[in-house]
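Comments concern the structure below.
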Amino acid sequence: MASACGKQYHEAEMDCDLRPPWDLLKKMPQTTNSRPKFRHVVSTMQAVGWCLLIVLVVWAVGASWYSYQSQARAESYKQNATKEWQQRERLERDALQPLIKQLRLCQARAQ
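Per this note's numbering, residue 351 is the first one in the sequence shown, and the count goes up by one each step.
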């Protein structure tokens with residue numbers, strides 16, 4: 351066996367097994383708790399992933415709603431400002447009408 355495995359294995363007094371590594375893994379003792387812990391880790395990771403996905407969807411919907419609301423609010427402010435400006439302009443014109451008439455009369459008399 352030492353000649354097949356090489357001198358280093360013989361010197362270390364190790365059992366030289368020429369099988370592929372995956373066959374050696376079958377021989378390794380497995381604890382009964384290793385599988386459930388791994389499944390628990392996977393299920394926890396899946397739960398965290400779902401929670402993150404839900405948070406992301408809620409955030410995206412909220413951001414979209416907020417954007418729509420702020421856009422509608424800006425449009426409303428713009429319409430109100432335009433109406434207010436038009437009303438103010440009309441009031442100023444109405445207030446100046448008598449003065450304009452009086453000025454025209456004065457101009458007509460001066461000519």
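Glycine residues also receive a C-beta, built at the ideal position from the N, C-alpha and C atoms. Nothing here was measured: the structure is a model prediction, and the numbers come from that model.
For residue i, three-class secondary structure by DSSP
i: Q461; result: coil
i: L453; result: helix
i: L441; result: helix
C-alpha gap between residue i and residue j, whole angstroms
i: R459; j: I450; result: 14 Å
i: L455; j: L446; result: 14 Å
i: A422; j: Q429; result: 11 Å
i: S414; j: S420; result: 10 Å
i: V407; j: C401; result: 10 Å
i: H390; j: I404; result: 21 Å
i: R443; j: Y416; result: 40 Å
i: Q457; j: R438; result: 28 Å
i: A410; j: Y427; result: 26 Å
i: L441; j: Y418; result: 35 Å
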